[in-house]
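J.: Mind looking over this structure? Questions follow.
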Amino acid sequence: MNSFSKRVFQSFATTLVVFSSACKPAAAATSDDVLFQNLTDFGYGIYLQETGFFKQANARMSELLKRLDKEPVQSSSKFIPLLRTDTKCGDLQKQLYAEALEIRALSRFHLKQQAAALADMKRALALCPEHAHLHNTIGRLYLRMKRSKEGLAEIDRALILNANVPDAYLAKAAYYQDHGQRIDSQKFLTRGKTLLAARQKLLDSLWEKIEKLQESKRTDEALAADLELLTEFPRDVFALKSYSENLSAVGKHEEALNYANVAVLLDPTFAGGYRVRSKIYALLKKTDLELADATRAFLIEPRSAEALNARAIANLDSDRPFEAIRDFDLLIQLNPDYVDAYINRSAALSRVGRFDDSIKDARKAYALAPSSPYGYQALGAALRRARRFPEAKKALDESFRYKSSASPDSLAMAEFNLGATLKELGDQTANNHLDEAIRLAPDLALIMLKNGTYDARKTAPDRGVRVLTRQLRTRSPSPKLTVDSATRSLSTRNDADSGKTLRVTKLSSPEAPASKPLPPPRKTNIATTFATADGKYQRLSAQDLLDCIMVATRQIEKDPDKSKPYFIRGIAYFGLGKFEDAAKDLERYRQIAPDGGATGSALAQLSKYRSENASKHQLPPLKPSELRDLIRRTESRLVSSSNQVAKPGQKP
-14 MNSFSKRVFQ SFATTLVVFS SACKPAAAAT SDDVLFQNLT DFGYGIYLQE
36 TGFFKQANAR MSELLKRLDK EPVQSSSKFI PLLRTDTKCG DLQKQLYAEA
86 LEIRALSRFH LKQQAAALAD MKRALALCPE HAHLHNTIGR LYLRMKRSKE
136 GLAEIDRALI LNANVPDAYL AKAAYYQDHG QRIDSQKFLT RGKTLLAARQ
186 KLLDSLWEKI EKLQESKRTD EALAADLELL TEFPRDVFAL KSYSENLSAV
236 GKHEEALNYA NVAVLLDPTF AGGYRVRSKI YALLKKTDLE LADATRAFLI
286 EPRSAEALNA RAIANLDSDR PFEAIRDFDL LIQLNPDYVD AYINRSAALS
336 RVGRFDDSIK DARKAYALAP SSPYGYQALG AALRRARRFP EAKKALDESF
386 RYKSSASPDS LAMAEFNLGA TLKELGDQTA NNHLDEAIRL APDLALIMLK
436 NGTYDARKTA PDRGVRVLTR QLRTRSPSPK LTVDSATRSL STRNDADSGK
486 TLRVTKLSSP EAPASKPLPP PRKTNIATTF ATADGKYQRL SAQDLLDCIM
536 VATRQIEKDP DKSKPYFIRG IAYFGLGKFE DAAKDLERYR QIAPDGGATG
586 SALAQLSKYR SENASKHQLP PLKPSELRDL IRRTESRLVS SSNQVAKPGQ
636 KP
């Protein structure tokens, strides 16, 4: 085991336990969920065995085999990665069991448990007697045990079943070389190298095909090409990443997450797997997991602009605007013409009340990309927050000139900002734009409620930034920007993501030239942030909560018997300290949806808050952390009752 592998394992062991448990299926999980949980454990076992952690690989495979004994996997219509595709057993349970036995056997052999290793291989062959790779593996073990006759016989059996197994030829070449038979050795060596070269050529041609399809936005064809690649190379982590990313691009986020989980555990040192999974978590609104994966990718590749961009976006999505601003500061210093960094930093600056800086970033964005809607949308949003309504209307009107290239989410926010701006200007068409925003994003009020209840703490730079800045001060610029951490022997693909991303407004950052080092972080001015009694910097965005109330009110005006807007507006009033209005809305919600169950904790907390502050002339607003916790506890119930309407005979 080399020192690099030891460091990698020590760094990732704790995190992987968390990730592995997070991937485990719930009680109501489907058969596909169970299958992919087994595949993630299998993939991690492959990684442990290949990197020399034989004791851990042995334990992981033993756990997997026990689980397969108790609950055999069912057949699936989905593509199954990791398992050999050129010598199938014809039964998914048998093949997964046999190949898990193979990994455990190899680990046991390295642990000097030769008898146990051979027993595992014989069990595997009994399950899949026509599996060429299993015959090749046991043949190589026999050769290493100096049982040459049995070893050569097994390898010959493998080649009869499948004449295109390079390892079999290379094993025979090594055997004949050791026994002085150079002519025979050279013959098998040449054949093995020829097969390896052919496979590398096939790999390169398939990648070229996929990249061209992605560039031309032919995602369905790219998915088919991904499957072709995975069929030939079922354990290629780059292929798994690409397939997962393309699945998410066509809206299959849950399915994409399964393949991303496999990729992450197949090679935990591969930053690309974490980045793709972070993007999928963002689309699934799992912001804590999004940030965890983005941070992990950054720690693996601290000199990667793409990894820094992913973490900056994850910080913004996770309601950590000061951390997001810090990361975007670094990113813009690295690439001063990176449009999307300005757009996203503008949003973060607006979040913390730095409207002048937010407007400046938005102007820079549309100056760099004048035919894109996103700079104008960002400018309109920043100007509205700064209460410069005529200018905001002009910028938003301009953004709609380029609406054909905008994402539905960004259009929804543009329509909302325009509607809110027109309300302030007394324009009668304001509600038309609010209605269009709600049509494009039915959960817009809930999104704004969450945005209004964030914690923004002044924290010391995290470990990733400390490592990054320390390295930049003490070392000269490295000739490589990113760390190539792939362990696959054939795949030499560079892990620079294509220009297409999962979210239109947050594009991948281009790689910076190797000669340009990442600069130290610029300090963010947070003097305007106020401190609470506990000494931590926290913030509750009244503007976001007021926006939430505006959207929910419009939904109630259009359909007063729907339950969900009352709950959302009630919680927003609660956060602003308007407790009488909150109580009215929450009671109305309970009238419409008495079985929803989402109001009990909110009303109990409201009553407690009133009694605790009874002596005060004016009740203080709820703390952001308490309000966020309330929303998280009730959101799942709220979704289940979101379509309820008042029953006949109920009081309005």
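Reading the sequence shown from the start, the letters are residues -14 to 637 in the working numbering. Each residue gets a CB set at the ideal place from its N, CA and C atoms; glycine is no exception.
To the nearest angstrom, how far is the alpha carbon of Lys97 from that of Ala42?
T.: 14 Å
J.: Using CA atoms only, rank isn't needed, just tell me which of Leu269, Ser389 and Lys379 is closest to Ser356.
T.: Taking Ser356 as reference, the option from Leu269, Ser389 and Lys379 with the minimal CA-CA separation is Ser389.
J.: So is Glu235 buried or exposed if we call it buried at 16+ other beta carbons inside 10 Å?
T.: One point to set straight first is that residue 235 is Val, not Glu, in the sequence displayed. So Val235 counts as exposed.
J.: Could you tell me whether the segment 188 to 208 touches the segment 238 to 248, using the rule of 3 or more Cβ pairs below 8 Å?
T.: no
J.: Using 8 Å as the cut-off, can you tell me whether the segment 374 to 386 makes contact with the segment 403 to 412, which would need three or more C-beta pairs spanning the two stretches below that distance?
T.: Yes: the two stretches touch, three or more of their Cβ pairs being nearer than 8 Å.
J.: Between Ala371 and Ala350, is the Cβ-Cβ spacing less than 7 Å?
T.: no
J.: Mind the definition here: the segment 61 to 73 touches the segment 88 to 96 only if three or more C-beta pairs lie below 8 Å; say whether that holds.
T.: Two segments are said to touch when three or more pairs of C-beta atoms, one from each, lie closer than 8 Å; by this definition the segment 61 to 73 does not touch the segment 88 to 96.
J.: In the DSSP assignment, the alpha helix (DSSP H) including Cys74 goes from what residue to what residue?
T.: Taken as a continuous stretch (DSSP letters only), Cys74 belongs to no alpha helix (DSSP H), as it is neither H nor E.
J.: Could you tell me whether the segment 153 to 160 touches the segment 190 to 201, where touching means 3 or more Cβ pairs closer than 8 Å?
T.: no
J.: Following the continuous alpha helix (DSSP H) through Thr231, name the residue where it begins and the one where it ends.
T.: Residue identity differs from the one stated: residue 231 is Asn in this sequence, not Thr. Start and end: Val222 to Ala234.
J.: In whole angstroms, what separates the C-alpha of Leu334 from that of Ser303?
T.: 15 Å
J.: Quick check on this structure: which residue in Asp529, Lys569 and Ala578 has the alpha carbon closest to the alpha carbon of Ala366?
T.: Asp529
J.: Would you say the segment 551 to 570 touches the segment 430 to 441, given that touching needs at least three Cβ pairs under 8 Å?
T.: yes
J.: So which of Leu86, Tyr32 and Lys379 has the shortest CA-CA distance to Leu407?
T.: Lys379
J.: Mapping DSSP to helix, strand and coil, what is Lys547?
T.: strand
J.: Find out if the Cβ-Cβ distance for the pair Leu276, Ala290 is shorter than 7 Å.
T.: By the CB criterion at 7 Å, Leu276 and Ala290 fall outside the cutoff.
J.: Within its chain, find whatever has a CB closer than 8 Å to the CB of Leu410; leave out the 5 residues flanking it on each side and keep chain order.
T.: Phe374, Pro375 and Lys378
J.: Just to confirm before moving on: does the CB-CB distance between Ser229 and Tyr244 stay below 7 Å?
T.: yes
J.: Taking DSSP as the reference, what is the three-state secondary structure of Thr15?
T.: In the structure shown, Thr15 falls within a coil segment according to DSSP collapsed to helix, strand and coil.
J.: Measure the C-alpha to C-alpha separation of Lys202 and Ser610 and round it to an integer number of angstroms.
T.: 42 Å
J.: Taking only the alpha-carbon atoms, compute the straight-line gap between Glu196 and Leu212 and give it to the nearest angstrom.
T.: Straight-line Cα distance between these residues: approximately 14 Å.
J.: Tell me whether Ala512 sits in a helix, a strand or coil according to DSSP, three-state version.
T.: Residue confidence is low: Ala512 scores 30 on pLDDT, short of 50, so the model does not pin down where it sits. No coordinate-derived value is stated.
J.: How is Gly411 classed by DSSP in three states: helix, strand or coil?
T.: Of the three classes helix, strand and coil, the one that applies to Gly411 here is coil, per DSSP.
J.: Apart from the five residues on each side of it in sequence, which residues of its chain come closer than 7 Å, Cβ to Cβ, to Arg249?
T.: The sequence given here places Val at residue 249; Arg does not occur at that position. Taken in chain order, the residues that qualify are Phe4, Gly258, Tyr259 and Arg262.
J.: What do you reckon, are the CB atoms on Met398 and Cys533 nearer than 7 Å?
T.: For Met398 and Cys533, no; Cβs fall outside 7 Å.
J.: If you follow the alpha helix (DSSP H) that Lys569 is in, where does it begin and where does it stop?
T.: Phe564 to Ile577
J.: Quick one: Cα of Ala666 to Cα of Thr216, how far?
T.: As shown, the chain starts at -14 and ends at 637. That puts residue 666 outside it, with no answer to give.
J.: Using only the alpha-carbon positions, how far apart do Leu419 and Lys73 sit?
T.: 56 Å
J.: From Asp278 to Lys79, what distance separates their C-alpha atoms?
T.: Spanning the two alpha carbons is a distance of roughly 33 Å.
J.: Quick check on Tyr439: does DSSP put it in helix, strand or coil?
T.: Correct three-state label for Tyr439: coil.
J.: By alpha-carbon positions, which one of Glu84, Leu198 and Ala100 ends up nearest to Leu53?
T.: Residue Glu84 is the option with its Cα nearest to Leu53.
J.: Quick one: complete alpha helix (DSSP H) runs, 4+ long, within the segment 164 to 205?
T.: 167 to 200
J.: For Leu269, name the three-state secondary structure that DSSP assigns.
T.: coil
J.: When the Cα atoms are used, what is the spatial distance from Phe307 to Val337?
T.: 8 Å
J.: Using only the alpha-carbon positions, how far apart do Ser92 and Arg108 sit?
T.: 16 Å
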